[in-house]
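Asks: Residue numbers (the working numbering): 215 to 619. Here a beta-carbon is modelled for each residue, glycine too, at the ideal position from N, C-alpha and C. The structure follows.
Here you go:
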């Protein structure tokens, strides 16, 4: 099978972005398939490809994957208008490739929702089988996060509807996403639930060691957030917790923020103005380096804004990294991940918007090393049994192979 794989935010282990598409592409190649990935350009991709001036793109082999990177720079720090323009330009350039490049199957993954456009073009004008992967529900999440422009929301809703109605198969990354697809699709549409997964080798408890990050002292209890610092993440909640810990005179618990995003500088400024020396901010690191750092944390922080659409409609990479690294997870919103944590006793769930309960949980973990170790063991166990990347990759490959029958 020759597969065209459209993912604007494709990344490799040498970068600091998610590597789901990289791992799944490698699994497809291992099964004897050919994969061409079409992506954009962003600083966290880890891609270094030769530039083809005649075609106006970067192209090269990455561990057997034929990668075409369109030079359309993207940053989540950009304004909504600029990001939207980059999304649209990527989609329009991708349409031409979807119509020209030889393939047996077209696969497109959001975000953004505009990623569906080349898939629609290949389906409508070439009759190619099309599989659409949905990472977020549109326009539900943008609306919940404050987007009010009726034209933007209407366009998202239309693309979502056309994607569900045109795809031969859909993939959802969480139970809520699968339910959302089902509510707007034909009853006969095959839908596979394939969440983000655990890289069991990159993130491994055996990599645990002393953290050498500036600002930490021996004996500190280090709770870390590793991921995007965006509006959706609601990281002000952690600064509220830090303020509560400061009020209590707790100098042992430290909150470490590793990553980047539109909100990062504002958060760092707020922490500095409030004298929150228990908050430490660091730049993104390559996934290969992040594995050892994550395993060396005492606790992983799973934080999102208190938006009901998030409860069952997200599948955050960082959550699965924490599990694989064998550390407890402290989560501040309800939903399917909270249920997993409770059922498997691999962390603590606190109510949203409650810095007192969050601070209580951190201090409880800091005072109970044996309990933390037990939670970490449980986390690694669920990672291996339910979310190991090879298990999910095999399910993904089988889903795509079935779509060509």
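Residue 455 and residue 533 look like a contact to me (Cβ under 8 angstroms); what is the Cβ gap, rounded to whole Å?
Replies: Along the chain shown, one-based indexing puts residue 455 at 241. Along the chain shown, one-based indexing puts residue 533 at 319. The Cβ separation is near 18 angstroms, so there is no contact.
Asks: Counting only the same chain and skipping the five closest in sequence on each side, list residues whose C-beta sits under 6 angstroms from that of residue 597.
Replies: Working through the chain shown from its first residue, we reach residue 597 at position 383. Counting only Cβ-Cβ distances below 6 angstroms, and skipping sequence neighbours, we find 412, 537 and 538.
Asks: What is the DSSP secondary structure of residue 285, counted as helix, strand or coil?
Replies: Counting from 1 along the chain shown, the entry for residue 285 is found at position 71. It is a strand residue.
Asks: With 16 as the cutoff for other CB atoms within 10 Å, does residue 220 come out buried or exposed?
Replies: For the purposes of this step, residue 220 is taken as residue 6 along the chain shown, with counting starting at 1. By the 10 Å Cβ count, residue 220 comes out buried.
Asks: Just to confirm my understanding: we take residue 406, look at its own chain, exclude 5 residues before and 5 after, and list those with CB closer than 6 angstroms. What are they?
Replies: Position 192 of the chain shown holds residue 406. 385 and 613, listed in sequence order.
Asks: Can you tell me where the alpha helix (DSSP H) holding residue 531 begins and where it ends?
Replies: Here residue 531 refers to the residue found at position 317 when the chain shown is read from its first residue. Looking at the DSSP string, the run of the alpha helix (DSSP H) that includes residue 531 is 531 to 539.
Asks: Assuming residue 218 is part of the beta strand (DSSP E), what are its boundary residues?
Replies: Locating residue 218 in the chain shown gives position 4, where the first residue counts as 1. Counting along the chain, the beta strand (DSSP E) containing residue 218 begins and ends at 216 to 220.
Asks: Can you find the residues in the same chain that come closer than 6 angstroms, C-beta to C-beta, to residue 482, ignoring five residues on each side of it along the sequence?
Replies: Mapped onto the chain shown, residue 482 falls at position 268. Contacts found: 495.
Asks: What are the complete alpha helix (DSSP H) segments, minimum 4 residues, inside the segment 220 to 254?
Replies: You should have 234 to 244.
Asks: Tell me, please, which residues DSSP counts as bridged to residue 493.
Replies: Here residue 493 is taken as the residue at index 279 of the chain shown, counted from 1. Answer is 469.
Asks: Give a yes or no on contact between the segment 573 to 580 and the segment 383 to 402, applying the rule of three or more CB pairs nearer than 8 angstroms.
Replies: With a cut-off of 8 angstroms, the segment 383 to 402 and the segment 573 to 580 do not count as touching, because too few Cβ pairs lie within range.
Asks: On the DSSP bridge assignment, give the partners of residue 317 in chain order.
Replies: Taking the first residue of the chain shown as position 1, residue 317 is located at position 103. In DSSP, residue 317 forms no bridge with anything.
Asks: For the segment 545 to 602, list the beta strand (DSSP E) runs that are entirely contained and at least 3 residues long, ordered along the chain.
Replies: Correct list: 561 to 563.
Asks: Three or more C-beta pairs under 8 angstroms: does that hold for the segment 264 to 279 against the segment 333 to 340?
Replies: Short answer: they don't touch.
Asks: The beta strand (DSSP E) with residue 462 in it runs from where to where?
Replies: To locate residue 462, count along the chain shown from 1; it is residue 248. Element bounds for residue 462: n/a, residue is neither H nor E.
Asks: Figure out for me which residue from 506, 446, 254 and 453 has the closest Cα to the Cα of residue 356.
Replies: By 1-based counting over the chain shown, the position of residue 356 is 142. If we check each option's Cα against that of residue 356, 446 comes out closest.
Asks: Given this structure, state the Cα-to-Cα distance separating residue 179 from residue 452, to the nearest angstrom.
Replies: Lying outside 215 to 619, the shown extent of the chain, residue 179 is not represented and no answer is given.
Asks: Between residue 256 and the rest of its own chain, which residues show a CB-CB distance below 6 angstroms, the 5 nearest in sequence each way excluded?
Replies: The residue you call residue 256 lines up with position 42 of the chain shown. The answer, listed in chain order, is 288.
Asks: Take residue 333 as the anchor and find which of 377, 300 and 307 has the nearest alpha-carbon.
Replies: Your numbering for residue 333 matches position 119 in the chain shown. Among 377, 300 and 307, the Cα nearest to that of residue 333 is on 377.
Asks: Residues in its own chain within less than 8 angstroms of residue 414 by CB, not counting five upstream and five downstream?
Replies: Within the chain shown, the letter at position 200 stands for residue 414. 538, 597, 598, 602 and 603.
Asks: Which class does residue 325 belong to by DSSP, given the choice of helix, strand or coil?
Replies: Indexing the chain shown from 1 puts residue 325 at position 111. Of the three classes helix, strand and coil, the one that applies to residue 325 here is coil, per DSSP.
Asks: If you check the beta carbons only, do residue 472 and residue 609 fall under 9 angstroms apart?
Replies: By one-based count along the chain shown, residue 472 stands at place 258. By one-based count along the chain shown, residue 609 stands at place 395. It is not a contact, given that the beta carbons lie outside the stated cut-off.
Asks: So which of 305, 542 and 223 has the shortest CA-CA distance to residue 373?
Replies: Here residue 373 corresponds to residue number 159 of the chain shown, with the count starting at 1. Considering only alpha carbons, the answer is 305.
Asks: Using the Cβ count rule (16 or more neighbours within 10 Å means buried), how would you classify residue 400?
Replies: Here residue 400 refers to the residue found at position 186 when the chain shown is read from its first residue. Residue 400 is exposed by the Cβ-count criterion.
Asks: Based on the DSSP secondary-structure assignment, which residues constitute the bridge partners of residue 406?
Replies: As a first step, residue 406 is located in the chain shown; it is residue number 192 there, counting from the start. Beta-bridge pairing links residue 406 to 385.
Asks: Three-state secondary structure (DSSP) at residue 440?
Replies: Counting from one through the chain shown, the residue named residue 440 turns up at place 226. Reduced to three states, the DSSP call for residue 440 is strand.
Asks: Which one or two residues does DSSP pair with residue 275 in a beta bridge?
Replies: Numbered from 1 along the chain shown, position 61 holds the residue referred to as residue 275. Note: residue 275 sits in a beta bridge opposite 280.
Asks: Please identify the residue among 584, 254, 319 and 529 whose C-alpha is closest to the C-alpha of residue 351.
Replies: Along the chain shown, read from residue 1 onward, the residue named residue 351 stands at position 137. Of the candidates 584, 254, 319 and 529, the one whose C-alpha sits nearest the C-alpha of residue 351 is 529.
Asks: Whose C-beta lies closer than 6 angstroms to the C-beta of residue 314 among residues of the same chain, with five residues either side of it excluded?
Replies: Numbered from its first residue, the chain shown carries residue 314 at position 100. For residue 314, where only same-chain residues beyond five positions count, there are no Cβ hits under 6 angstroms.
Asks: Taking Cβ to Cβ, would you say residue 548 is nearer than 9 angstroms to residue 566?
Replies: Translated into positions along the chain shown, residue 548 becomes position 334. Translated into positions along the chain shown, residue 566 becomes position 352. Yes, the Cβ-Cβ distance between residue 548 and residue 566 is below 9 angstroms.
Asks: Kindly give me the distance between the Cβ atoms of residue 513 and residue 544, rounded to whole angstroms, as I take these residues to be in contact under 8 angstroms.
Replies: Position 299 of the chain shown holds residue 513. Position 330 of the chain shown holds residue 544. The pair is a contact, with the Cβ atoms about 5 angstroms apart (cut-off 8 angstroms).
Asks: Whole-angstrom Cβ separation of residue 281 and residue 253, contact assumed at under 8 angstroms?
Replies: As a first step, residue 281 is located in the chain shown; it is residue number 67 there, counting from the start. As a first step, residue 253 is located in the chain shown; it is residue number 39 there, counting from the start. That belief holds up - the Cβ atoms of residue 281 and residue 253 are roughly 7 angstroms apart, short of 8 angstroms.
Asks: Of all the options 369, 291, 618 and 218, which has the alpha carbon lying nearest to the alpha carbon of residue 308?
Replies: The residue labelled residue 308 in the question sits at position 94 within the chain shown. Taking only the C-alpha atoms, the option nearest residue 308 is 218.
Asks: Going by CA-CA distance only, name the one from 478, 422, 431 and 417 that's closest to residue 443.
Replies: As a working note, residue 443 is residue 229 in the chain shown. Nearest C-alpha to residue 443: 478.
Asks: I think residue 258 touches residue 216, with their Cβ atoms under 8 angstroms apart; what is that distance to the nearest whole Å?
Replies: Residue numbering aside, residue 258 sits at position 44 when the chain shown is read from its first letter. Residue numbering aside, residue 216 sits at position 2 when the chain shown is read from its first letter. About 28 angstroms separates the two Cβ atoms, so there is no contact after all.
Asks: Which term fits residue 535, buried or exposed, when burial requires 16 or more other beta carbons within 10 angstroms of its beta carbon?
Replies: Residue numbering aside, residue 535 sits at position 321 when the chain shown is read from its first letter. Residue 535 is buried by the Cβ-count criterion.
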